[in-house]
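In the UniProt record's numbering, the protein residues as written are 1 to 74.
Glycine is no exception: its CB is placed at the ideal position from the N, C-alpha and C atoms.
Every value quoted in this text rests on a predicted model; they were computed, and no experiment measured them.
The structure under discussion appears below in the form of structure tokens.
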């Protein structure tokens with residue numbers, strides 16, 4: 001997930017909203033609550049990239065990303 005761009009909280013929230021219909025409801029809700037907190041730039045970037053193109057990846061890739069998102073949330 002190497003990226004030179006730092007994604008703002010607004011970027012991450014917009015990306016989350018854009019992928020809402022593709023994410024499992026529980027992950028969407030927990031992630032939205034999680035993002036209300038204060039998080040490092042690294043966490044924001046990681047979440048952004050896990051959500052990026054979520055709708056276009058395979059089911060296997062989605063499962064992997066779901067696991068990573070849940071690990072970040074917990």
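Worksheet entry | Three-state class that DSSP yields for residue 43 in the structure shown | Helix at residue 43.
Discussion item. Going residue by residue through the region 19 to 67, where are the continuous alpha helix (DSSP H) segments of at least 4 residues, counting only ones entirely within it?
Written reply: Qualifying alpha helix (DSSP H) stretches, in chain order: 25 to 34, 41 to 51.
Worksheet item: Taking all protein chains shown into account, do 16 or more other C-beta atoms lie within 10 angstroms of the C-beta of residue 1, making it buried, or fewer, making it exposed?
Response: For residue 1, the predicted model reports a pLDDT of 48, less than 50, meaning its position is unreliable and no value from the coordinates is stated.
Item to complete: Drop a sphere of 10 angstroms on the beta-carbon of residue 65, count the other beta-carbons inside from all chains shown, and report buried for 16 or more, exposed for fewer.
Response: Around the beta carbon of residue 65, 16 or more other beta carbons lie within 10 angstroms, which makes this residue buried.
Discussion item. Using only CA atoms, which one of 22, 4, 8 lies nearest to residue 36?
Written reply: Here the closest residue by C-alpha is 8.
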